[in-house]
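Some notes on the structure that comes next.
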Amino acid sequence: MKFGKVDNPELIDFSFPEDHPSTAAVLANTGENQKLNVYVGCAKWNRQDLKNFYPRGTKDELGYYSSQFNCIELNATFYRLFPAEQFSKWYDKTPSGFKFFPKLSQDISHLRRLNEKVYPFVDAYLDAASNLKEKLGTIFLQMHNNFGPKNWDRVVRFVEYWPKEFPLAIEFRHTDWFNDAKVAEELYHLLEENTMANVLVDTAGRRDLMHMRLTNNEAFIRYVGANHVSDYPRLDDWVQRLKSWSALGLSNIHFFVHQNLEVESPLLSAYIIDNLNQELGIDLRIPQTLGGGQKGLF
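This is the structure:
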């Protein structure tokens, strides 16, 4: 993922912002004694991108990927609407407990920009994606950088239309969604009232998207490494923040690792899984990667 890429990541201040004041209140209202569900994965399973991950001779890339990770952020569904049969094939190729977190089609987000013509596309998408059955995780909608608050009415209409049996997370990228306090609070309230997740994006060139405002009991995080030594301490910071949120009541952690060049995404994923296991007392499988999940080639 090239979003937020910078030429000199060593010049970026990667220090973590404080939590939004309302995040603790959201987590306090989500109920007690809920099971902690942690899913960590990459954004794709393509062998060309994930070099040094697949054993020589691997033919079924998804089959192998899903033997190592418990989830995938499914970006392929952004570029085309796959038929129901394809979702069924993905379901059959993956083991019990594996989850897909698919991106909504660009027909909905970028081409029609949530206008009145998107709803047949929404219905068709959900009809197809529902074939993932219990392996369907949170679907996410990622809006274009230039989709700003002037489109507020479209957002409200879309959120109210969305079938609530399908968990949804939304990623807004236009700076005015967060720089204008009144707009931000209206947006957070809308998502909170509809139990939708507010996607957090950690990328070098857009630190404003680290708003640290959760709107339901889900931390949906899209982490973009910079192919730089700073990637690892940034992951350490995430482990500590997720640990603190889990102590406040967070039950659902969905963490997806990207890089500007995806070559070491499995290594970064293995690194954070190992640390989450230690800090949260969980037992996620640590993927087998070149270097054994340790710090890699930087």
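In our numbering, the protein residues as written are 182 to 479. Positions of the beta carbon are idealized from the N, C-alpha and C atoms, including for glycine. Computed from a predicted model, the values in this text were never measured in an experiment.
Item, Value
"Whole-angstrom distance between Arg466 and Phe279, CA atom to CA atom", "12 Å"
"Proximity winner among Thr258, Gly430, Glu399 and Met377, relative to Ala309 (alpha-carbon distances)", "Thr258"
"Nearest-angstrom Cβ-Cβ length linking Phe484 and Arg422, presumed shorter than 8 Å", "With the chain represented from 182 up to 479, any question about residue 484 goes unanswered, as that position is not in the structure."
"Buried/exposed call for Arg261, threshold 16 Cβ in 10 Å", "exposed"
"Euclidean distance between Cα positions of Leu448 and Trp271", "24 Å"
"Limits of the unbroken alpha helix (DSSP H) element including Gly244", "Glu242 to Gln249"
"Beta-bridge partners of Asn433, as assigned by DSSP", "Asn218"
"Cα-Cα separation between Gly318 and Glu399, rounded to whole angstroms", "11 Å"
"Per-residue DSSP class, three states only, for Lys280", "strand"
"Among Asn227, Asn433, Ser446 and Leu431, the one whose alpha carbon lies nearest that of Val405", "Ser446"
"Ranges of the beta strand (DSSP E) found wholly within the region 407-455, counting only runs of at least 3", "433-440"
"For Asn379, the residue or residues it bridges with in DSSP", "Ile351"
"Backbone secondary structure at Asp254 - three-state DSSP", "Sequence check: residue 254 is Glu here, not Asp. It is a strand residue."
"Where His370 falls, given that 16 or more other Cβ within 10 Å makes a residue buried", "exposed"
"Residue range of the beta strand (DSSP E) that includes Phe359", "Where Phe359 is concerned, there is no enclosing beta strand (DSSP E), although the alpha helix (DSSP H) it sits in stretches over Asp357 to Asn360."
"For Ala350 and Phe359, believed in contact at Cβ under 8 Å, the rounded distance", "Actually they are not in contact, since the Cβ atoms of Phe359 and Ala350 sit about 16 Å apart, beyond 8 Å."
"Bridge partner(s) assigned by DSSP for Gln459", "Its beta-bridge partners do not exist; DSSP assigns none."
"Run of the alpha helix (DSSP H) containing Phe268, from where it starts to where it stops", "Ala265 to Lys274"
"Arg388 versus Phe184: straight-line alpha-carbon distance, rounded", "12 Å"
"CB-CB length for Lys232 against Val444, believed under 8 Å", "5 Å"
"Local conformation of Ile193 per DSSP, three classes", "coil"
"Under the three-state DSSP convention, the category Phe234 falls into", "coil"
"Environment of Gly462 [buried if 16+ CB atoms lie within 10 Å]", "exposed"
"Start-to-end residues for the alpha helix (DSSP H) that takes in Leu208", "Thr204 to Ala209"
"Short Cβ contact (8 Å threshold) for Trp426 with Leu208", "yes"
"Same chain, Cβ closer than 8 Å to Val187, neighbours up to 5 away in sequence not counted", "Ile193, Ala385, Gly386 and Ala407"
"Arg228 - DSSP class collapsed to helix/strand/coil", "coil"
"8 Å Cβ cutoff met for His291 and Gly329", "no"
"Extent of the continuous beta strand (DSSP E) to which Phe321 belongs", "Ile320 to Gln323"
"For Thr307, the nearest candidate out of Gly244, Ser286 and Thr204 (CA to CA)", "First, the residue type needs correcting, since residue 307 is Leu and not Thr in the sequence shown. Of the listed residues, the one whose Cα sits closest to Leu307 is Ser286."
"Arg335 vs Asn379 beta-carbon contact at 8 Å", "no"
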